[in-house]
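*Asks:* So the protein lines, in turn, are chains F and E. Mapping the first sequence onto the numbering used here, position 71 (from 1) lands on 71, and the numbers just tick up by one. Mapping the second sequence onto the numbering used here, position 77 (from 1) lands on 77, and the numbers just tick up by one. Even glycine gets a Cβ: it sits at the ideal position worked out from N, Cα and C.
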Amino acid sequence: GAVVSQHPSWVICKSGTSVKIECRSLDFQATTMFWYRQFPKQSLMLMATSNEGSKATYEQGVEKDKFLINHASLTLSTLTVTSAHPEDSSFYICSARDIVSYEQYFGPGTRLTVT
Amino acid sequence: EDQVTQSPEALRLQEGESSSLNCSYTVSGLRGLFWYRQDPGKGPEFLFTLYSAGEEKEKERLKATLTKKESFLHITAPKPEDSATYLCAVHEPSGGYNKLIFGAGTRLAVHP
């Protein structure tokens, strides 16, 4: 139980294009999902908190117009990186908080490379 | 400011050589301390949640303990498959959404 999936697992895109990453909780419901970014040999940095049916809350320094978040249902949140640049290349990880247990479970991550 | 500090940054052990990883925290009103395991190129895997000083939890060769200022992850007789980065995190209750603040992690390498 408590499985979170992400799609795609890796993506390569050209500078200036947009990329959408999906995060799904497969066997539980989550009113809250979180999006993190992780650079090599560094820890996870929270980018934004996604809430079902309402606007996401972004951490200081994260551009909300660049990283668009949509949480359309209790099992799906999406992160769209708009007008991607090479410095956006990173490992993006989502987590979902179980509505019953309040435990957070992480997805396997998405490796984004912007060329 | 709430902080989570993990030590050591990296640890190399021989198979069977027990040791402990440390996670010290400064947070007003701890609402949970979490341990995760992360393998390269993968998302963190949940291990334990601790809520109050004195609490202990075990899973196979791992045992997590909590005091008022720090947590330890004890690894007994480790095996090469225990090699991973171990992350500690605490809940920051700002905004009511219970964000997790992560430490930098301890990279553990267990050699046969």
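So, does the stretch 25-35 of chain F touch the stretch 88-103 of chain F, judging by three or more C-beta pairs under 8 angstroms?
*Replies:* Verdict: yes, contact present.
*Asks:* Does residue 49(E) get closer than 8 angstroms to chain F when you measure Cβ to Cβ?
*Replies:* Chain F contact via Cβ: present.
*Asks:* Would the stretch 6-20 of chain E and the stretch 67-86 of chain E be scored as touching if the rule is three or more Cβ pairs under 8 angstroms?
*Replies:* Yes, the stretch 6-20 of chain E is in contact with the stretch 67-86 of chain E.
*Asks:* Indicate whether at least one CB of chain F lies closer than 8 angstroms to the CB of residue 21(E).
*Replies:* No, residue 21(E) does not count as interfacial toward chain F.
*Asks:* Could you check which residue in 43(E), 6(E), 21(E) and 5(E) has the C-alpha nearest to that of residue 78(E)?
*Replies:* The candidate whose alpha carbon is nearest that of residue 78(E) is 21(E).
*Asks:* Could you tell me the alpha carbon to alpha carbon distance between residue 87(E) and residue 25(E), rounded to whole angstroms?
*Replies:* Using only the alpha carbons, I get a separation of about 13 angstroms.
*Asks:* How many angstroms separate the CA atom of residue 73(F) from the CA atom of residue 9(E)?
*Replies:* Residue 73(F) and residue 9(E): Cα-Cα distance of roughly 39 angstroms.
*Asks:* When you compare each of 39(E), 70(E) and 110(E) to residue 32(E) by their alpha carbons, which one comes out closest?
*Replies:* Of 39(E), 70(E) and 110(E), the residue nearest in Cα terms is 70(E).
*Asks:* Please report how far the alpha carbon of residue 109(F) lies from the alpha carbon of residue 19(E), in whole angstroms.
*Replies:* Rounded to whole angstroms, residue 109(F) to residue 19(E) spans 29 angstroms at the Cα level.
*Asks:* Looking at the unbroken beta strand (DSSP E) that takes in residue 78(F), where does it start and where does it end?
*Replies:* That run of the beta strand (DSSP E) goes 76-81.
*Asks:* Taking residue 7(E) as the reference, give the member of 103(E), 112(E) and 57(E) with the closest Cα.
*Replies:* For the residues 103(E), 112(E) and 57(E), the minimum Cα distance to residue 7(E) belongs to 103(E).
*Asks:* Could you name each continuous beta strand (DSSP E) segment of 3 residues or more that falls completely within the stretch 35-77 of chain E, going from the start of the chain to the end?
*Replies:* With a minimum length of 3 residues, the continuous beta strand (DSSP E) runs that stay inside the stretch 35-77 of chain E are 45-50, 56-59, 62-66 and 70-75.
*Asks:* Using Cβ-Cβ distances below 9 angstroms, what residues of the stretch 43-68 of chain E are close to chain F?
*Replies:* Listed by position, the residues of the stretch 43-68 of chain E near chain F (Cβ gap below 9 angstroms) are 43, 44, 45, 46 and 49.
*Asks:* Based on the DSSP output, what are the partners of residue 111(F) in its beta bridges?
*Replies:* Answer is 10(F) and 91(F), bridged to residue 111(F).
*Asks:* For residue 32(F), count neighbouring Cβ atoms within 10 angstroms of its own Cβ and tell me buried if that reaches 16, exposed if not.
*Replies:* Burial call: buried.
*Asks:* Examine chain F for any beta-carbon lying closer than 8 angstroms to the beta-carbon of residue 72(E), and answer yes or no.
*Replies:* By this cut-off, residue 72(E) is not an interface position.
*Asks:* So is residue 10(F) buried or exposed if we call it buried at 16+ other beta carbons inside 10 Å?
*Replies:* Exposed is the call here.
*Asks:* Do you know how far the Cα of residue 48(E) is from the Cα of residue 66(E)?
*Replies:* Rounded to whole angstroms, residue 66(E) to residue 48(E) spans 11 angstroms at the Cα level.
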